[in-house]
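Structure first, commentary second.
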Amino acid sequence: MRHVVEQARKLAMLSAPLLIVGDTGTGKDLLAHACHLASPRAGKPYLALNCGSIPEDAVESELFGDALQGKKGFFEQANGGSVLLDEIGEMSPRMQTKLLRFLNDGTFRRVGEDHEVHVDVRVICATQKNLIELVQKGLFREDLYYRLNVLTLYLPPLRDCRRTSCR
1 MRHVVEQARK LAMLSAPLLI VGDTGTGKDL LAHACHLASP RAGKPYLALN CGSIPEDAVE
61 SELFGDALQG KKGFFEQANG GSVLLDEIGE MSPRMQTKLL RFLNDGTFRR VGEDHEVHVD
121 VRVICATQKN LIELVQKGLF REDLYYRLNV LTLYLPPLRD CRRTSCR
């Protein structure tokens, strides 16, 4: 586990997307927040969205905002900071396409708006799923997988942790 923490400290300083992979209960969300706090973005907002816990039709307005309701999305609210997309493997194919576009150029459109918004946000994704298997089954975009899998932290399963090695 010490190796993971050391690696996380190094990756925290970079601005590329970060993918954190680990079983339920391994602290992926805590590690994501720690990476934000150890980064140059620490003084800016950190927001987290669990992609598996909200309905698909709400994900778009949560992330990108809704012009008709005058609502800023997570990416706009966290401008200069970081956004954690927890359980990224649960994201719908349509939202995967929108996320890929955002990752490629940092721009998006709020729901109901034609104007593009540009923000500077570090995207951190976490999953317990095997994204390669999801790609092979056609459930996860291959191009998005490779865009996210640039910087990756693998958390060991709790069952493999000995008392001394997880400190």
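Residue numbers (UniProt numbering): 1 to 167.
Virtual Cβ for every residue (Gly too), placed ideally from N, Cα, C.
In angstroms, rounded to a whole number, what distance separates the CA positions of residue i and residue j?
{"i": "residue 87", "j": "residue 131", "result": "11 Å"}
{"i": "residue 18", "j": "residue 89", "result": "14 Å"}
{"i": "residue 44", "j": "residue 38", "result": "12 Å"}
{"i": "residue 2", "j": "residue 20", "result": "15 Å"}
{"i": "residue 107", "j": "residue 6", "result": "32 Å"}
{"i": "residue 71", "j": "residue 135", "result": "33 Å"}
{"i": "residue 62", "j": "residue 157", "result": "31 Å"}
{"i": "residue 119", "j": "residue 110", "result": "12 Å"}
{"i": "residue 129", "j": "residue 104", "result": "23 Å"}
Among all the DSSP beta bridges, which residues are the ones paired with residue i?
{"i": "residue 125", "result": "19, 85"}
{"i": "residue 108", "result": "117"}
{"i": "residue 49", "result": "85"}
{"i": "residue 66", "result": "71, 111"}
{"i": "residue 153", "result": "20"}
Tell me which same chain residues have a C-beta within less than 8 Å of the C-beta of residue i, skipping the five on either side of it?
{"i": "residue 59", "result": "49, 51, 91, 92, 95"}
{"i": "residue 66", "result": "73, 110, 111, 112"}
If you count every other CB in all the chains shown that lies within 10 Å of the CB of residue i, and 16 or more means buried, which is it?
{"i": "residue 12", "result": "buried"}
{"i": "residue 127", "result": "buried"}
{"i": "residue 36", "result": "buried"}
{"i": "residue 150", "result": "exposed"}
{"i": "residue 112", "result": "exposed"}
{"i": "residue 148", "result": "buried"}
{"i": "residue 138", "result": "exposed"}
{"i": "residue 46", "result": "buried"}
{"i": "residue 9", "result": "exposed"}
{"i": "residue 30", "result": "exposed"}
Using a Cβ-Cβ cut-off of 7 Å (strictly less than) and excluding sequence neighbours within five positions of residue i, which residues of its own chain qualify?
{"i": "residue 25", "result": "158"}
Considering only C-alpha positions, which residue in the set the options is nearest to residue i?
{"i": "residue 123", "options": "133, 41, 27, 9", "result": "41"}
{"i": "residue 116", "options": "10, 28, 76, 142", "result": "76"}
{"i": "residue 81", "options": "9, 155, 14, 4", "result": "14"}
{"i": "residue 121", "options": "155, 9, 99, 141", "result": "99"}
Only counting the same chain, and skipping five residues up and downstream in sequence, which positions put a Cβ closer than 6 Å to that of residue i?
{"i": "residue 16", "result": "150, 151"}
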